[in-house]
Amino acid sequence: MRDITSKQITLRTARAVASIFCSTETISLIKNNELPKGNLFDVARAAGFLGAKLTPQLLPHCHPVNIDSMDISFSFSKTGIEILGEAKSIGRTGIEMEILTAVSIAALEIYDMLKPVDTQLEIGNIKLLQKTGGKSDRKKYFSTSPSCAVLVCSDSTAAGKREDKSGLLIKSILQQANAKVVAYEIVCDDKELIQKQILKWVAEDIHFIFTTGGTGLGPRDNTVSAVSEILERDADGITEAMRNFGQMRTPMAMMSRAVAGSIAHSLIVTLPGSTDGARESIEAIIPGIFHARKMMKGGGH
Numbered sequence: 001m002r003d004i005t006s007k008q009i010t011l012r013t014a015r016a017v018a019s020i021f022c023s024t025e026t027i028s029l030i031k032n033n034e035l036p037k038g039n040l041f042d043v044a045r046a047a048g049f050l051g052a053k054l055t056p057q058l059l060p061h062c063h064p065v066n067i068d069s070m071d072i073s074f075s076f077s078k079t080g081i082e083i084l085g086e087a088k089s090i091g092r093t094g095i096e097m098e099i100l101t102a103v104s105i106a107a108l109e110i111y112d113m114l115k116p117v118d119t120q121l122e123i124g125n126i127k128l129l130q131k132t133g134g135k136s137d138r139k140k141y142f143s144t145s146p147s148c149a150v151l152v153c154s155d156s157t158a159a160g161k162r163e164d165k166s167g168l169l170i171k172s173i174l175q176q177a178n179a180k181v182v183a184y185e186i187v188c189d190d191k192e193l194i195q196k197q198i199l200k201w202v203a204e205d206i207h208f209i210f211t212t213g214g215t216g217l218g219p220r221d222n223t224v225s226a227v228s229e230i231l232e233r234d235a236d237g238i239t240e241a242m243r244n245f246g247q248m249r250t251p252m253a254m255m256s257r258a259v260a261g262s263i264a265h266s267l268i269v270t271l272p273g274s275t276d277g278a279r280e281s282i283e284a285i286i287p288g289i290f291h292a293r294k295m296m297k298g299g300g301h
């Protein structure tokens, strides 16, 4: 099964539809409650719910998800019956397969109950109408690709004694999220150098500036204090999200002193220097963080 441990826990929704094609005589029997197997839609709805709950047992690659809300409704059309399913879940993966299974099983239950009276039944038009949450929501956070810069703050890397890994990883993750990484620099963990480079990028109107390194408790971990001194507005919610996300994976996340905030129309976020810490921290805030640009420019929340 696919590894979804890096995904954020978000609200996921899905809507799906299926159709049963039957004769007008069959529709009359349903409306008059004259079917030999009794009430049709209550049984079909229950069957759909059971199908949704059993989806991971039917489809090998589906992760079990919490079904926090589900409804299945039925309506008549000129050609038969339409089944509409809607579901919600708060989790790391979508609920579209569960709702597709639900409407499919509901359709099969209706087929089973109608087959004694209609030999021309047909199931069709099973499709997903809509899904939200996860990657499907990324477009709403930015209309154009945001510009980003990555600043590696490390004495040993700046001196050529250690190869940079976290900065290159951050670049890769940002690019995969359709962001443009327009600048990448390495400096010593020195307050003046860090502040000078960040303010230069702010003057160039780079939308998002990510630093890596210098967020720990070591004597040369100066990045956090350097950034804190020049921030105009704090964005503590960003660092809370990063630490909460990291804490679910390692107890060491609580040791990060990361800060985030804005200067003019640029957002600055300090990330840990370790590759795991940097990856988990940026995974915790993408893509939602890109909405900050619109807010800083005076747009709505």
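Sequential numbering of the sequence shown, starting at 1, is according to full-length UniProt numbering. Backbone N, C-alpha and C define an ideal beta-carbon position, used for all residues, glycine too.
From the options, residue whose alpha carbon lies closest to that of residue i
i: T79; options: G298, I27 and G133; result: I27
i: I194; options: R243, V269 and A44; result: V269
i: N178; options: I286, M1 and N32; result: I286
i: A52; options: A183, G85, I209 and I206; result: G85
i: V187; options: E25, P116, D164 and S225; result: D164
i: I230; options: V43, D276, M248 and V202; result: V202
i: F41; options: I289, S75 and R257; result: S75
i: M97; options: V224, I67 and T24; result: I67
i: D112; options: S154, P36, G160 and T157; result: P36
i: N33; options: L217, V117, S69 and M1; result: V117
i: T10; options: A284, Q247, K297 and H207; result: A284
i: M296; options: H207, M248 and S225; result: H207
Beta-carbon contacts of residue i that lie in its chain and below 6 Å, excluding the five residues immediately before and after
i: A292; result: L267
i: A235; result: A260 and G261
i: I99; result: A14, A16, G85 and A87
i: R233; result: G261 and S262
i: T132; result: T13
i: K180; result: S145 and S147
Inter-residue CB distance, residue i and residue j (contact presumed, cutoff 8 Å)
i: G48; j: A106; result: 4 Å
i: R15; j: I95; result: Rounded, the Cβ-Cβ distance is 10 Å, inconsistent with contact.
i: E109; j: V17; result: Actually they do not touch by this definition, with Cβ atoms about 16 Å apart.
i: M252; j: S281; result: Actually they do not touch by this definition, with Cβ atoms about 12 Å apart.
i: N222; j: K191; result: 5 Å
i: S104; j: I126; result: 6 Å
i: L121; j: F21; result: 7 Å
i: I289; j: I238; result: 6 Å
i: D205; j: H265; result: 6 Å
i: R257; j: D155; result: At roughly 17 Å, the Cβ-Cβ gap does not stay under 8 Å, so R257 and D155 are not in contact.
i: M255; j: G216; result: 6 Å
Contact set for residue i: own chain, Cβ-Cβ below 8 Å, skip 5 residues either direction
i: T93; result: I4, K7, R12, H63, V65 and G134
i: E185; result: A149, V150, L151, V152 and Q197
i: Q130; result: T13, A14 and R15
i: S77; result: S19
Bridge-paired residues (DSSP) for residue i
i: Q130; result: R15
i: G298; result: Answer is none; G298 lacks a bridge partner.
i: Y111; result: None, per the DSSP bridge assignment.
i: L169; result: Answer is none; L169 lacks a bridge partner.
i: C153; result: V187
i: C62; result: In DSSP, C62 forms no bridge with anything.
i: C148; result: V181 and F208
i: I268; result: I209 and G261
Residue i, DSSP secondary structure in three states
i: R243; result: helix
i: R249; result: coil
i: S28; result: helix
i: T101; result: helix
i: D234; result: strand
i: M70; result: strand
i: V224; result: helix
i: L35; result: coil
i: V202; result: helix
i: I282; result: helix
i: K88; result: strand
i: T10; result: strand
i: A258; result: coil
Cut-off 7 Å between Cβ atoms - residues of its own chain near residue i, not counting five sequence neighbours on either side
i: A278; result: S166, L169, I170, T212, L271 and P272
i: S228; result: V259
i: L58; result: T101
i: T157; result: D164 and I186
i: L128; result: A14, A16, E96 and L100
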